[in-house]
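Protein chains: 2
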Amino acid sequence: MSKTYQVVGVGNAIVDVISRVREEFLTEHAVERGIMQLVGRDRAVELYSSMGVAREVSGGSAANTIAGLAALGVRTAYVGKVKDDQLGAIFAHDLRAQGAGFDTPPAPRDHPHETGRCMVLVTPDGERSMSTYLGVSEFLSPADIDEAQMADAEWIFLEGYRFDGPESHAAFARAIHACKSAGGKVAITLSDPFCVERHREAFLAMIRSDVDLLVANEHELKSLYQTDVLEWAMGRAQAEVPMTACTVGARGAFLMSGGRRVHATAMPARVVDATGAGDLFAAGLLHGLTAGRDMLTATRMGCIAAAEIISHIGARPEEDLRRIFAQEGVA
Amino acid sequence: MSKTYQVVGVGNAIVDVISRVREEFLTEHAVERGIMQLVGRDRAVELYSSMGVAREVSGGSAANTIAGLAALGVRTAYVGKVKDDQLGAIFAHDLRAQGAGFDTPPAPRDHPHETGRCMVLVTPDGERSMSTYLGVSEFLSPADIDEAQMADAEWIFLEGYRFDGPESHAAFARAIHACKSAGGKVAITLSDPFCVERHREAFLAMIRSDVDLLVANEHELKSLYQTDVLEWAMGRAQAEVPMTACTVGARGAFLMSGGRRVHATAMPARVVDATGAGDLFAAGLLHGLTAGRDMLTATRMGCIAAAEIISHIGARPEEDLRRIFAQEGVA
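Protein chains in written order, with the working numbering: chain G, -9 to 321; chain C, -9 to 321.
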């Protein structure tokens, strides 16, 4: 009997505040280039007041993946914490409008923190540098994990960023236990090399005991295994995890399983805004895997979905991904 | 001595919630095509829940004009009512980030209405159909009009939509009196043919006594003078108002003053989202007029700014308008 959900994602529920900036803005405002930095509320307010005109688009790494999966017709749901405020309503609307389930109860209006937001500064080269105020998203607790939902998922997809936060490890443990006990599989994304620095031991422990699919980019994988040699890191992952996907930027992506390794080249794309490239790679990949496609096709689907997302501002798909898959011969 | 502001705009402070929809969505949800409809809170909630994934971008007709003027380096400020909530903060940020002044005190948190929003449904042909929940924006009162600011403006720019609301006429009267007493000029945009229907007598009275520049499109001007013959409506306006600009869609725009009438052709543009075309026409036009440019050049500036805005989603400029003006030889 098939399960209700093919993929349930767990992550930080975030609204992106996206603005184009000159290159110098980053140094002038001490924003580190190309990565995600966590910021407190005061710093968030200060940075926002310095930023130019912005647009607000629902984001969050795993939420982007789930939105991408929903856009591809995969049965999905998302678990993450927003507040009962305007940005929380926007976040919930956009996920549901895409066809994903989203039933995590919002934090009440008197909660001291607001719905989380990520200030995404896009420089002229299309690179994005992110400053995230987690807000209530970091208060996702084990009580927010619906064990029945996790048991009713073929895959759960866990966001590395979500390891930041007081009850995150306990929440993940509950989700993993419920899912695996019911025969489901666990995928995790490492999110960011600095996130890996913060949580390396927890990541490694989880990867070795529970993870069926590890999704990372080359920098994250090298950080995880503390090496500068990508081949060595990929070898370690291949030995430790049933399946590992590793993106390598403009060179495409690898997928490794057992003794096999396949490589898919990247789709040519004009980089307008790199935000969400990894998230949508994961969506394309999981779409392929849940549909029972072969390793190379699933990896190509990841590369194609990533190419769509970097060709425009924002980390949620704008074009019809299924049409693009058909054009590329992987539908 | 030059005044602090070249243009101060007064309008409904609105955040746009923009979504692409299929053509059939409009009929299925009883949304009238191509115009702006006012909706109550319940209808707004119902429509939003039916809409697809959206992005949030600051909007508001006169606010778009002021943002465009600020982007062109014109000294501007805006007057409009938001609430002390997240969307209100977004609206204020985006105007100030563009370089416009914005000091209208927000309605307090316990106000029963929220910051206004406009659900902009963009069909595949680029046409936009708007459903506006005015929220607190309709509560702009005479007390929100800073007479010193109005007296310190070369032009005030009044939004026709702002005639909806309990104290709007009194607020406008106060702004006009302060501005004109100090030698300033008054521009008004008619906003929408249905807005003209609702307020024709008030518009006509104001136009005949106080308005120096009337900005309208052909449908609004014909509605104002209750005729199907554009030439006749333009003749009436030319006789009653010192200066009248009338846009005629893909055919460009006319500017009439005294016995003269000039015509500027429209810039070729691929229509992605028509939202803000009239607002940015007004920005280009007022930029030309405040810079002392001739009638034809000012009208061309309006057409060029309108072409930029319809080439992308959202009603605030994304490209450098000054660079485009230079390319087109009107810098």
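Note that beta-carbon positions come from the ideal geometry of N, C-alpha and C, so glycine has one too. In this text, all values refer to a predicted model and were calculated from it rather than measured experimentally.
Determine whether the Cβ of A87(G) lies closer than 7 Å to any Cβ atom of chain C. Yes, A87(G) lies at the interface with chain C (some Cβ there is under 7 Å from its Cβ).
Quick one: does L77(G) have its CB under 7 Å from some CB of chain C? Yes - at least one Cβ of chain C is within 7 Å of the one on L77(G).
Using only alpha-carbon positions, find the residue among R99(C), A138(C), T122(C) that is nearest to D93(C). When only C-alpha atoms are compared, the closest one is A138(C).
If you follow the alpha helix (DSSP H) that L28(C) is part of, which residue opens it and which one closes it? If you look at L28(C), you'll find it isn't in any alpha helix (DSSP H); it sits in the beta strand (DSSP E) that goes 26 to 28.
Among E230(G), I294(G), A229(G), nearest to T255(G) - alpha-carbon criterion: T255(G) has its Cα closest to that of I294(G), out of E230(G), I294(G), A229(G).
Per the DSSP calculation, H101(C) is bridged to which residue(s)? According to DSSP, which records beta bridges pairwise, H101(C) is partnered with nothing at all.
Which value, in whole angstroms, describes the spacing of the CA atoms of A281(G) and D134(C)? Whole-angstrom Cα-Cα distance: 59 Å.
Given that G42(G) touches chain C, what residues does it touch there, using C-beta distances under 9 Å? Listed along chain C are D84, A87, Q88, each with a C-beta nearer than 9 Å to that of G42(G).
Option in H189(C), A321(C), M140(C), L194(C) with minimal Cα separation from G173(C): Taking only the C-alpha atoms, the option nearest G173(C) is M140(C).
From C169(C) to Q27(C), what distance separates their C-alpha atoms? Straight across, the Cα-Cα distance linking C169(C) with Q27(C) is about 31 Å.
Need the endpoints of the alpha helix (DSSP H) that R164(C) sits in, please. Where R164(C) is concerned, the enclosing alpha helix (DSSP H) stretches over 158 to 171.
Strictly under 7 Å for the Cβ-Cβ distance: is V47(C) near chain G by that measure? Between V47(C) and chain G, the shortest Cβ-Cβ separation is below 7 Å.
Taking the straight line between their C-alpha atoms, what separation do you get for A206(G) and F81(C)? So the two alpha carbons sit approximately 37 Å from each other.
By Cβ distance, which residues of its chain are closer than 7 Å to G89(C), with the 5 residues on each side in sequence left out? Result list for G89(C): A60, in chain order.
Determine, using beta carbons only, whether R107(C) and V5(C) come nearer to each other than 7 Å. Between R107(C) and V5(C), the C-beta gap is smaller than 7 Å, which places the two residues in contact.
What is the residue span of the alpha helix (DSSP H) that F129(G) lies within? Looking at the DSSP string, F129(G) is not in any alpha helix (DSSP H), and its letter there is neither H nor E.
CB-CB under 7 Å to R226(C), same chain, minus the five flanking residues each way: which ones, in chain order? Closer than 7 Å at Cβ, skipping near neighbours: Y215.
Using the three-state DSSP reduction, which class does D6(G) fall into: helix, strand or coil? D6(G) falls in the strand class under three-state DSSP.
What is the DSSP secondary structure of T237(C), counted as helix, strand or coil? Secondary structure at T237(C): strand, using DSSP grouped into helix, strand and coil.
How close, in whole Å, do the beta carbons of T122(G) and D75(G) come, if the pair is a contact with beta carbons under 8 Å? No, T122(G) and D75(G) are not in contact; Cβ-Cβ is about 17 Å, not under 8 Å.
Identify every residue that forms a DSSP beta bridge with W145(C). Beta-bridge pairing by DSSP links W145(C) to V(-3)(C), K175(C).
Pair every Cβ in the stretch 140 to 151 of chain C with every Cβ in the stretch 41 to 48 of chain C, then say whether three or more of these pairs are closer than 8 Å. Because the criterion of three Cβ pairs below 8 Å is not met, the stretch 140 to 151 of chain C and the stretch 41 to 48 of chain C do not touch.
Rounded to whole angstroms, what is the Cα-Cα separation between S181(C) and S51(C)? Those two C-alpha atoms are separated by around 8 Å.
Endpoints, beta strand (DSSP E) assigned at L111(G): DSSP places L111(G) in the uninterrupted beta strand (DSSP E) bounded by 106 to 112.
Is there contact between the stretch 61 to 71 of chain G and the stretch 62 to 72 of chain C, where contact requires at least three CB pairs shorter than 8 Å? With a cut-off of 8 Å, the stretch 62 to 72 of chain C and the stretch 61 to 71 of chain G do not count as touching, because too few Cβ pairs lie within range.
For A57(C), which three-state DSSP category applies? Helix.
From T217(C) to L77(G), what distance separates their C-alpha atoms? L77(G) has its alpha-carbon roughly 45 Å from the corresponding atom of T217(C).
Taking I299(G) as the query, report the chain C residues whose CB atoms sit under 8 Å from its CB, ordered along the chain. Near I299(G) there are no residues of chain C at all, since even the closest Cβ is about 13 Å away, more than 8 Å.
For G304(C), which residues in chain G fall below 8 Å Cβ to Cβ? Simply R45.
Continuous beta strand (DSSP E) stretch holding V47(G): start and end: Start and end: 45 to 48.
List, in order along the chain, the chain G residues whose C-beta lies closer than 7 Å to that of Y38(C)? Chain G residues near Y38(C): H83.
Taking the Cβ atom as the reference point for each residue, do A165(G) and V0(G) lie within a distance shorter than 7 Å? Remark: C-beta atoms of A165(G) and V0(G) approach each other more closely than 7 Å.
Anything in chain G within Cβ reach of I80(C), meaning under 7 Å, just list it in chain order. Per Cβ cutoff of 7 Å: E46.
So, helix, strand or coil for G292(G), using DSSP? Reduced to three states, the DSSP call for G292(G) is helix.
With 16 as the cutoff for other CB atoms within 10 Å, does A229(G) come out buried or exposed? A229(G) comes out exposed.
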